[in-house]
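Residue numbers (the UniProt record's numbering): 1 to 427.
A virtual CB, placed ideally from N, CA and C, is assigned to each residue, including glycine.
Keep in mind that this is a model prediction, so the values were computed, not measured.
Notes follow the structure.
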(Lines of atoms letter the chains of each structure in order from A; the text may use other names.)
(Lines give C-alpha, C1' and ligand atoms only; values in the text may rest on other atoms or scores of the structure.)
Protein backbone atom coordinates (compact mmCIF):
# COMPACT_ATOMS: atom_id res chain seq x y z
CA UNK A 1 0.00 0.00 0.00
CA UNK A 2 1.37 3.40 -0.98
CA UNK A 3 1.93 5.95 1.77
CA UNK A 4 0.67 9.53 1.42
CA UNK A 5 2.50 12.82 1.91
CA UNK A 6 0.09 15.68 2.63
CA UNK A 7 0.38 19.46 2.89
CA UNK A 8 1.58 20.15 6.47
CA UNK A 9 0.39 23.03 8.65
CA UNK A 10 3.41 25.34 8.69
CA UNK A 11 2.13 27.83 11.23
CA UNK A 12 -0.59 28.53 13.77
CA UNK A 13 -2.90 30.29 11.31
CA UNK A 14 -1.70 28.77 8.03
CA UNK A 15 -4.53 27.10 6.10
CA UNK A 16 -2.89 26.48 2.72
CA UNK A 17 0.43 26.36 0.93
CA UNK A 18 1.83 26.63 -2.59
CA UNK A 19 4.19 24.07 -4.12
CA UNK A 20 7.11 26.19 -5.34
CA UNK A 21 9.37 23.33 -6.43
CA UNK A 22 9.43 19.55 -6.49
CA UNK A 23 12.78 18.13 -5.36
CA UNK A 24 11.96 14.60 -6.58
CA UNK A 25 10.52 12.93 -9.67
CA UNK A 26 8.37 9.83 -10.10
CA UNK A 27 10.59 6.80 -9.63
CA UNK A 28 13.12 8.54 -7.37
CA UNK A 29 14.26 6.73 -4.24
CA UNK A 30 13.88 8.69 -0.99
CA UNK A 31 14.77 8.02 2.61
CA UNK A 32 12.78 9.03 5.65
CA UNK A 33 13.21 12.76 6.39
CA UNK A 34 14.55 13.50 2.88
CA UNK A 35 12.94 16.70 1.49
CA UNK A 36 10.52 16.04 -1.35
CA UNK A 37 9.26 19.55 -2.19
CA UNK A 38 9.46 23.21 -1.28
CA UNK A 39 6.33 24.98 -0.01
CA UNK A 40 5.55 28.69 0.26
CA UNK A 41 3.03 30.05 2.78
CA UNK A 42 2.26 33.56 3.99
CA UNK A 43 4.69 33.06 6.85
CA UNK A 44 7.56 30.88 5.74
CA UNK A 45 9.28 28.99 2.93
CA UNK A 46 9.86 25.40 4.00
CA UNK A 47 10.84 21.97 2.73
CA UNK A 48 8.39 19.11 3.21
CA UNK A 49 10.21 15.97 4.37
CA UNK A 50 9.27 12.40 3.54
CA UNK A 51 7.79 10.43 6.41
CA UNK A 52 8.78 7.14 4.80
CA UNK A 53 11.58 5.41 2.91
CA UNK A 54 10.63 4.22 -0.54
CA UNK A 55 10.01 5.26 -4.14
CA UNK A 56 7.98 8.20 -5.40
CA UNK A 57 5.07 6.56 -7.19
CA UNK A 58 2.81 9.56 -7.89
CA UNK A 59 2.96 13.37 -7.76
CA UNK A 60 -0.55 14.76 -7.33
CA UNK A 61 -0.08 18.52 -6.91
CA UNK A 62 1.95 20.39 -9.52
CA UNK A 63 4.37 23.26 -9.05
CA UNK A 64 2.58 26.58 -8.66
CA UNK A 65 -0.61 25.05 -7.27
CA UNK A 66 -2.06 26.25 -3.96
CA UNK A 67 -3.81 23.63 -1.84
CA UNK A 68 -5.30 23.41 1.64
CA UNK A 69 -3.54 21.92 4.64
CA UNK A 70 -4.03 18.14 4.61
CA UNK A 71 -4.26 17.87 0.81
CA UNK A 72 -2.48 14.89 -0.74
CA UNK A 73 0.79 16.01 -2.36
CA UNK A 74 2.38 12.75 -3.48
CA UNK A 75 2.46 9.01 -2.85
CA UNK A 76 5.43 6.89 -1.86
CA UNK A 77 5.69 3.14 -2.37
CA UNK A 78 7.47 1.80 0.69
CA UNK A 79 10.64 -0.22 0.24
CA UNK A 80 8.98 -3.66 0.40
CA UNK A 81 6.40 -2.71 -2.23
CA UNK A 82 6.97 -3.38 -5.91
CA UNK A 83 6.78 -0.50 -8.35
CA UNK A 84 4.86 -1.10 -11.58
CA UNK A 85 7.14 -1.00 -14.64
CA UNK A 86 7.02 2.15 -16.75
CA UNK A 87 5.16 1.54 -20.00
CA UNK A 88 6.78 2.24 -23.33
CA UNK A 89 6.17 5.70 -24.72
CA UNK A 90 3.21 5.59 -27.12
CA UNK A 91 3.26 6.95 -30.64
CA UNK A 92 2.23 10.49 -31.44
CA UNK A 93 -1.18 9.31 -32.61
CA UNK A 94 -1.67 7.28 -29.45
CA UNK A 95 -0.64 10.31 -27.39
CA UNK A 96 -3.29 12.39 -29.09
CA UNK A 97 -5.98 9.80 -28.34
CA UNK A 98 -4.69 9.38 -24.79
CA UNK A 99 -4.69 13.12 -24.20
CA UNK A 100 -8.24 13.39 -25.49
CA UNK A 101 -9.38 10.53 -23.27
CA UNK A 102 -7.56 11.95 -20.23
CA UNK A 103 -9.11 15.36 -20.78
CA UNK A 104 -12.56 13.79 -21.03
CA UNK A 105 -12.04 11.90 -17.78
CA UNK A 106 -10.74 14.99 -15.99
CA UNK A 107 -13.66 17.04 -17.27
CA UNK A 108 -16.16 14.52 -15.92
CA UNK A 109 -14.72 14.90 -12.44
CA UNK A 110 -12.68 18.12 -12.44
CA UNK A 111 -10.42 19.14 -9.56
CA UNK A 112 -9.28 22.73 -9.52
CA UNK A 113 -7.03 24.37 -6.94
CA UNK A 114 -8.23 27.60 -5.26
CA UNK A 115 -5.60 29.58 -7.17
CA UNK A 116 -6.80 28.19 -10.52
CA UNK A 117 -10.46 28.88 -9.71
CA UNK A 118 -9.69 32.45 -8.62
CA UNK A 119 -7.71 33.27 -11.77
CA UNK A 120 -10.37 31.70 -13.99
CA UNK A 121 -13.20 33.64 -12.33
CA UNK A 122 -11.30 36.92 -12.49
CA UNK A 123 -10.62 36.49 -16.21
CA UNK A 124 -13.94 34.90 -17.30
CA UNK A 125 -12.37 31.61 -18.41
CA UNK A 126 -14.30 28.37 -18.98
CA UNK A 127 -12.11 25.72 -17.37
CA UNK A 128 -14.23 22.87 -18.70
CA UNK A 129 -12.97 23.61 -22.23
CA UNK A 130 -9.32 24.02 -21.32
CA UNK A 131 -6.65 21.31 -21.42
CA UNK A 132 -4.19 21.22 -18.55
CA UNK A 133 -0.57 20.16 -18.32
CA UNK A 134 -0.86 18.60 -14.87
CA UNK A 135 -1.40 15.00 -13.87
CA UNK A 136 -4.48 13.46 -15.56
CA UNK A 137 -4.91 16.65 -17.56
CA UNK A 138 -5.35 18.75 -14.44
CA UNK A 139 -5.22 22.49 -15.02
CA UNK A 140 -2.45 24.23 -13.11
CA UNK A 141 -1.97 27.84 -12.15
CA UNK A 142 0.89 28.01 -14.67
CA UNK A 143 -1.50 26.92 -17.45
CA UNK A 144 -3.77 29.87 -16.65
CA UNK A 145 -0.90 32.35 -16.47
CA UNK A 146 0.58 31.12 -19.76
CA UNK A 147 -2.82 31.48 -21.39
CA UNK A 148 -3.37 34.99 -20.05
CA UNK A 149 0.11 36.04 -21.14
CA UNK A 150 -0.67 34.81 -24.62
CA UNK A 151 -3.93 36.71 -24.67
CA UNK A 152 -2.25 39.96 -23.64
CA UNK A 153 0.39 39.61 -26.33
CA UNK A 154 -2.21 38.82 -28.97
CA UNK A 155 -4.25 41.87 -28.07
CA UNK A 156 -1.36 44.29 -27.87
CA UNK A 157 0.92 43.16 -30.71
CA UNK A 158 -1.41 42.29 -33.60
CA UNK A 159 -2.20 45.20 -35.95
CA UNK A 160 -5.77 46.27 -36.43
CA UNK A 161 -7.68 44.05 -38.86
CA UNK A 162 -10.68 44.78 -41.03
CA UNK A 163 -14.02 44.20 -39.28
CA UNK A 164 -15.52 40.77 -40.10
CA UNK A 165 -18.48 40.61 -42.42
CA UNK A 166 -20.51 38.85 -39.74
CA UNK A 167 -20.36 39.90 -36.07
CA UNK A 168 -18.28 37.44 -34.08
CA UNK A 169 -19.51 35.93 -30.84
CA UNK A 170 -18.02 36.94 -27.48
CA UNK A 171 -15.21 34.75 -26.22
CA UNK A 172 -16.74 32.18 -23.89
CA UNK A 173 -13.99 29.70 -23.12
CA UNK A 174 -10.28 29.33 -22.57
CA UNK A 175 -9.87 27.31 -25.80
CA UNK A 176 -11.30 30.20 -27.84
CA UNK A 177 -8.49 32.49 -26.72
CA UNK A 178 -5.92 32.73 -29.56
CA UNK A 179 -2.23 31.96 -29.17
CA UNK A 180 0.23 34.85 -29.58
CA UNK A 181 1.28 33.69 -33.07
CA UNK A 182 -2.29 33.50 -34.40
CA UNK A 183 -3.81 36.74 -35.72
CA UNK A 184 -6.93 37.90 -33.90
CA UNK A 185 -9.67 40.24 -34.91
CA UNK A 186 -10.42 43.55 -33.29
CA UNK A 187 -13.67 42.03 -32.11
CA UNK A 188 -11.66 39.65 -29.85
CA UNK A 189 -9.84 42.62 -28.39
CA UNK A 190 -13.11 44.35 -27.58
CA UNK A 191 -14.29 41.39 -25.53
CA UNK A 192 -10.96 40.82 -23.79
CA UNK A 193 -10.97 41.66 -20.07
CA UNK A 194 -7.62 43.41 -20.57
CA UNK A 195 -6.98 46.94 -21.74
CA UNK A 196 -3.73 47.59 -23.56
CA UNK A 197 -2.49 49.72 -20.67
CA UNK A 198 -3.52 47.23 -17.97
CA UNK A 199 -1.42 44.61 -16.26
CA UNK A 200 -2.67 41.59 -14.34
CA UNK A 201 -0.57 40.55 -11.35
CA UNK A 202 -1.49 37.12 -9.95
CA UNK A 203 -2.22 37.07 -6.23
CA UNK A 204 0.38 34.90 -4.56
CA UNK A 205 -0.45 32.62 -1.66
CA UNK A 206 1.49 34.91 0.66
CA UNK A 207 -0.35 38.06 -0.48
CA UNK A 208 -3.72 36.31 -0.32
CA UNK A 209 -3.21 35.21 3.27
CA UNK A 210 -1.92 38.63 4.32
CA UNK A 211 -5.05 40.18 2.81
CA UNK A 212 -7.35 37.73 4.58
CA UNK A 213 -5.69 38.27 7.97
CA UNK A 214 -5.70 42.06 7.67
CA UNK A 215 -9.37 42.15 6.67
CA UNK A 216 -10.20 39.79 9.54
CA UNK A 217 -8.30 42.04 11.96
CA UNK A 218 -10.11 45.20 10.86
CA UNK A 219 -13.51 43.49 10.91
CA UNK A 220 -13.17 41.84 14.33
CA UNK A 221 -10.90 44.16 16.34
CA UNK A 222 -12.12 47.62 17.43
CA UNK A 223 -8.96 49.60 16.76
CA UNK A 224 -8.02 52.78 18.62
CA UNK A 225 -4.87 54.86 18.20
CA UNK A 226 -2.52 56.96 20.33
CA UNK A 227 0.63 58.90 19.41
CA UNK A 228 3.39 60.51 21.47
CA UNK A 229 6.33 62.66 20.40
CA UNK A 230 9.84 61.81 21.61
CA UNK A 231 12.99 63.93 21.73
CA UNK A 232 15.73 61.53 20.59
CA UNK A 233 18.53 64.10 20.34
CA UNK A 234 20.65 62.40 23.01
CA UNK A 235 20.12 58.96 21.46
CA UNK A 236 21.13 60.22 18.01
CA UNK A 237 24.34 61.75 19.38
CA UNK A 238 25.17 58.64 21.41
CA UNK A 239 24.65 56.24 18.51
CA UNK A 240 26.60 58.44 16.09
CA UNK A 241 29.53 58.36 18.51
CA UNK A 242 29.68 54.57 19.02
CA UNK A 243 28.27 53.00 15.82
CA UNK A 244 31.59 52.65 13.95
CA UNK A 245 33.36 51.12 16.93
CA UNK A 246 30.41 48.77 17.44
CA UNK A 247 30.50 47.69 13.78
CA UNK A 248 34.22 46.91 13.95
CA UNK A 249 33.88 45.01 17.21
CA UNK A 250 30.67 43.03 16.61
CA UNK A 251 30.49 42.84 12.82
CA UNK A 252 26.91 44.15 12.63
CA UNK A 253 25.34 47.59 12.27
CA UNK A 254 23.98 49.33 15.36
CA UNK A 255 20.59 50.69 14.27
CA UNK A 256 18.04 52.56 16.34
CA UNK A 257 15.62 49.63 16.44
CA UNK A 258 17.23 47.68 19.34
CA UNK A 259 17.07 50.83 21.49
CA UNK A 260 13.38 51.23 20.69
CA UNK A 261 12.55 47.57 21.31
CA UNK A 262 14.42 47.70 24.63
CA UNK A 263 12.31 50.70 25.63
CA UNK A 264 9.12 48.82 24.72
CA UNK A 265 9.93 45.57 26.55
CA UNK A 266 10.85 47.47 29.71
CA UNK A 267 7.47 49.23 29.54
CA UNK A 268 5.67 45.91 28.94
CA UNK A 269 7.03 44.63 32.24
CA UNK A 270 5.23 47.51 33.95
CA UNK A 271 2.05 47.23 31.85
CA UNK A 272 1.67 43.50 31.08
CA UNK A 273 -1.90 43.73 29.76
CA UNK A 274 -0.46 45.06 26.50
CA UNK A 275 1.37 41.73 26.22
CA UNK A 276 -1.85 39.71 26.19
CA UNK A 277 -4.38 38.02 23.91
CA UNK A 278 -8.15 38.24 23.51
CA UNK A 279 -9.58 34.74 24.02
CA UNK A 280 -13.33 35.36 23.84
CA UNK A 281 -14.43 34.67 27.41
CA UNK A 282 -11.12 35.66 29.01
CA UNK A 283 -7.94 37.68 28.49
CA UNK A 284 -4.71 35.70 28.41
CA UNK A 285 -1.75 37.70 29.76
CA UNK A 286 1.45 36.22 28.33
CA UNK A 287 4.39 35.79 30.66
CA UNK A 288 6.98 35.56 27.90
CA UNK A 289 7.72 38.69 25.88
CA UNK A 290 8.24 37.75 22.23
CA UNK A 291 8.52 40.80 19.95
CA UNK A 292 7.29 40.51 16.36
CA UNK A 293 8.82 42.85 13.78
CA UNK A 294 7.97 43.33 10.13
CA UNK A 295 10.59 42.66 7.45
CA UNK A 296 9.63 43.69 3.92
CA UNK A 297 11.07 42.06 0.80
CA UNK A 298 10.28 42.60 -2.87
CA UNK A 299 7.97 39.57 -2.79
CA UNK A 300 6.19 39.78 0.56
CA UNK A 301 6.04 40.97 4.14
CA UNK A 302 7.39 38.65 6.82
CA UNK A 303 6.99 39.01 10.59
CA UNK A 304 9.78 37.14 12.41
CA UNK A 305 9.82 37.02 16.19
CA UNK A 306 12.53 37.94 18.72
CA UNK A 307 12.02 35.34 21.45
CA UNK A 308 12.39 36.42 25.11
CA UNK A 309 13.21 39.97 24.08
CA UNK A 310 12.89 41.18 27.67
CA UNK A 311 15.91 39.07 28.62
CA UNK A 312 18.21 40.55 25.98
CA UNK A 313 20.57 43.51 26.15
CA UNK A 314 20.70 46.13 23.43
CA UNK A 315 23.54 44.17 21.85
CA UNK A 316 21.50 40.95 22.11
CA UNK A 317 18.54 42.63 20.43
CA UNK A 318 20.77 44.07 17.68
CA UNK A 319 22.20 40.62 16.99
CA UNK A 320 18.76 38.97 16.93
CA UNK A 321 17.40 41.64 14.58
CA UNK A 322 20.34 41.27 12.20
CA UNK A 323 19.97 37.47 12.06
CA UNK A 324 16.20 37.51 11.49
CA UNK A 325 16.37 40.19 8.79
CA UNK A 326 19.02 38.21 6.88
CA UNK A 327 17.01 34.99 7.14
CA UNK A 328 13.84 36.72 5.93
CA UNK A 329 15.51 38.28 2.90
CA UNK A 330 17.26 35.02 2.01
CA UNK A 331 14.08 32.95 2.41
CA UNK A 332 15.49 30.92 5.33
CA UNK A 333 12.92 31.65 8.04
CA UNK A 334 11.78 28.57 9.92
CA UNK A 335 8.50 27.88 11.69
CA UNK A 336 10.19 28.65 15.00
CA UNK A 337 11.27 32.06 13.66
CA UNK A 338 7.76 33.27 12.81
CA UNK A 339 5.50 31.94 15.57
CA UNK A 340 4.74 32.94 19.14
CA UNK A 341 4.82 36.74 18.91
CA UNK A 342 3.10 38.58 21.78
CA UNK A 343 3.63 42.26 20.78
CA UNK A 344 4.69 43.91 17.51
CA UNK A 345 7.18 46.75 17.00
CA UNK A 346 7.57 48.05 13.43
CA UNK A 347 10.20 50.52 12.24
CA UNK A 348 8.05 52.37 9.71
CA UNK A 349 10.39 55.34 10.01
CA UNK A 350 12.97 53.43 7.98
CA UNK A 351 11.13 54.44 4.79
CA UNK A 352 10.30 57.99 5.86
CA UNK A 353 6.90 57.61 7.52
CA UNK A 354 6.17 60.21 10.21
CA UNK A 355 2.73 58.95 11.34
CA UNK A 356 1.06 55.53 11.16
CA UNK A 357 -2.18 53.78 12.09
CA UNK A 358 -1.01 50.15 11.94
CA UNK A 359 -3.33 47.13 11.82
CA UNK A 360 -3.09 44.78 14.80
CA UNK A 361 -1.75 41.30 14.14
CA UNK A 362 -4.18 38.94 15.94
CA UNK A 363 -4.22 37.37 18.48
CA UNK A 364 -2.01 40.20 19.75
CA UNK A 365 -3.81 43.21 21.24
CA UNK A 366 -1.45 46.04 20.27
CA UNK A 367 1.14 47.11 17.72
CA UNK A 368 3.63 49.98 18.01
CA UNK A 369 5.44 51.85 15.25
CA UNK A 370 8.49 54.08 15.51
CA UNK A 371 8.53 56.79 12.88
CA UNK A 372 11.21 58.78 11.06
CA UNK A 373 13.59 60.95 13.06
CA UNK A 374 13.39 64.54 11.83
CA UNK A 375 14.93 67.80 13.03
CA UNK A 376 12.34 70.33 14.22
CA UNK A 377 12.35 73.57 16.20
CA UNK A 378 11.14 72.88 19.74
CA UNK A 379 10.42 75.30 22.60
CA UNK A 380 12.45 74.38 25.71
CA UNK A 381 12.34 76.69 28.75
CA UNK A 382 10.89 79.48 26.60
CA UNK A 383 13.77 79.11 24.15
CA UNK A 384 13.73 77.65 20.65
CA UNK A 385 16.06 74.71 20.03
CA UNK A 386 16.53 72.42 17.03
CA UNK A 387 16.04 68.83 18.19
CA UNK A 388 15.82 65.35 16.70
CA UNK A 389 12.16 64.39 17.11
CA UNK A 390 10.27 61.15 16.46
CA UNK A 391 6.66 60.00 16.76
CA UNK A 392 5.71 56.71 18.41
CA UNK A 393 2.29 55.38 17.35
CA UNK A 394 0.22 52.68 19.06
CA UNK A 395 -2.80 50.76 17.77
CA UNK A 396 -4.75 49.01 20.52
CA UNK A 397 -7.54 46.44 20.75
CA UNK A 398 -10.32 48.27 22.61
CA UNK A 399 -11.85 44.97 23.72
CA UNK A 400 -8.84 44.46 25.98
CA UNK A 401 -7.19 47.84 26.44
CA UNK A 402 -8.36 51.32 27.36
CA UNK A 403 -6.86 54.74 26.76
CA UNK A 404 -5.66 55.19 30.34
CA UNK A 405 -3.36 52.17 30.54
CA UNK A 406 -2.15 52.67 26.96
CA UNK A 407 -1.44 56.35 27.62
CA UNK A 408 0.63 55.41 30.65
CA UNK A 409 2.40 52.72 28.65
CA UNK A 410 3.33 55.19 25.89
CA UNK A 411 4.48 57.71 28.48
CA UNK A 412 6.85 55.09 29.91
CA UNK A 413 8.13 54.19 26.42
CA UNK A 414 8.76 57.90 25.78
CA UNK A 415 10.67 58.27 29.05
CA UNK A 416 12.79 55.22 28.27
CA UNK A 417 13.67 56.47 24.78
CA UNK A 418 14.48 59.99 25.93
CA UNK A 419 16.62 58.55 28.75
CA UNK A 420 19.27 57.10 26.44
CA UNK A 421 22.65 58.81 26.53
CA UNK A 422 26.35 58.40 27.17
CA UNK A 423 25.71 56.30 30.28
CA UNK A 424 23.62 53.72 28.42
CA UNK A 425 25.07 50.23 28.48
CA UNK A 426 24.93 48.03 25.39
CA UNK A 427 25.71 44.69 27.05
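| query | result |
| --- | --- |
| Nearest to residue 29 (by Cα), restricted to the options 57, 48 and 312 | 57 |
| Identity of the residues DSSP links to residue 387 by a beta bridge | 376 |
| Which of helix, strand or coil DSSP assigns to residue 260 | helix |
| CA-to-CA distance, residue 352 to residue 346, given in whole angstroms | 13 Å |
| Boundaries of the beta strand (DSSP E) in which residue 209 is found, first to last residue | Taken as a continuous stretch (DSSP letters only), residue 209 belongs to no beta strand (DSSP E), being part of the alpha helix (DSSP H) at 205–220. |
| Reference residue 62, options 72, 54 and 53, closest by Cα | 72 |
| Any non-hydrogen atom of the ligand MG closer than 7 Å to residue 412 Cβ | Here there are no bound small molecules, and the ligand MG is not part of this structure. |
| CA-to-CA distance, residue 3 to residue 21, given in whole angstroms | 21 Å |
| Inter-residue spacing [alpha-carbon to alpha-carbon] between residue 323 and residue 250 | 13 Å |
| Collapsed DSSP secondary structure at residue 73 in the structure displayed | strand |
| Whole-angstrom C-beta distance between residue 286 and residue 342, which should lie under 8 Å | 4 Å |
| Residue range of the unbroken beta strand (DSSP E) whose run includes residue 5 | 3–6 |
| Per-residue DSSP class, three states only, for residue 315 | helix |
| DSSP-derived helix/strand/coil call for residue 348 | helix |
| Check whether residue 16 and residue 205 have beta carbons under 8 Å apart | yes |
| Between the CA atoms of residue 248 and residue 45 - distance to the nearest angstrom | 33 Å |
| At least three beta-carbon pairs within less than 8 Å, the region 315–335 to the region 360–372 | no |
| Those residues which DSSP pairs with residue 68 across a bridge | 16 |
| Inter-residue spacing [alpha-carbon to alpha-carbon] between residue 139 and residue 65 | 9 Å |
| Distance, residue 244 Cα to residue 385 Cα | 28 Å |
| Cβ contact check for the region 416–423 and the region 221–240: 3 or more pairs under 8 Å | yes |
| Boundaries of the alpha helix (DSSP H) in which residue 63 is found, first to last residue | Taken as a continuous stretch (DSSP letters only), residue 63 belongs to no alpha helix (DSSP H), as it is neither H nor E. |
| 7 Å Cβ shell around residue 422 - same chain, five flanking residues per side excluded | 238 |
| When 297, 221 and 74 are compared against residue 207, the one with the closest alpha-carbon | 297 |
| Residue burial classification, residue 349 (beta-carbon count within 10 angstroms, cutoff 16) | buried |
| Burial state of residue 78 (16 or more Cβ within 10 Å) | exposed |
| Beta strand (DSSP E) runs wholly inside the region 237–310, at least 3 long, in chain order | 276–278 and 283–285 |
| Exposure of residue 278, with buried meaning 16 or more beta-carbon neighbours within 10 Å | buried |
| Rounded C-alpha distance that separates residue 376 from residue 389 | 7 Å |
| Pairwise C-alpha distance: residue 39 and residue 210 | 17 Å |
| Beta-carbon proximity check, residue 357 vs residue 393, cutoff 8 Å | yes |
| DSSP bridge partner residues for residue 394 (one or two, in chain order) | 226 and 368 |
| Pairwise C-alpha distance: residue 27 and residue 55 | 6 Å |
| Residue range of the beta strand (DSSP E) that includes residue 36 | 35–40 |
| Pairwise C-alpha distance: residue 48 and residue 403 | 45 Å |
| Local Cβ density within 10 Å of residue 304, reported as buried at 16 or more and exposed below that | buried |
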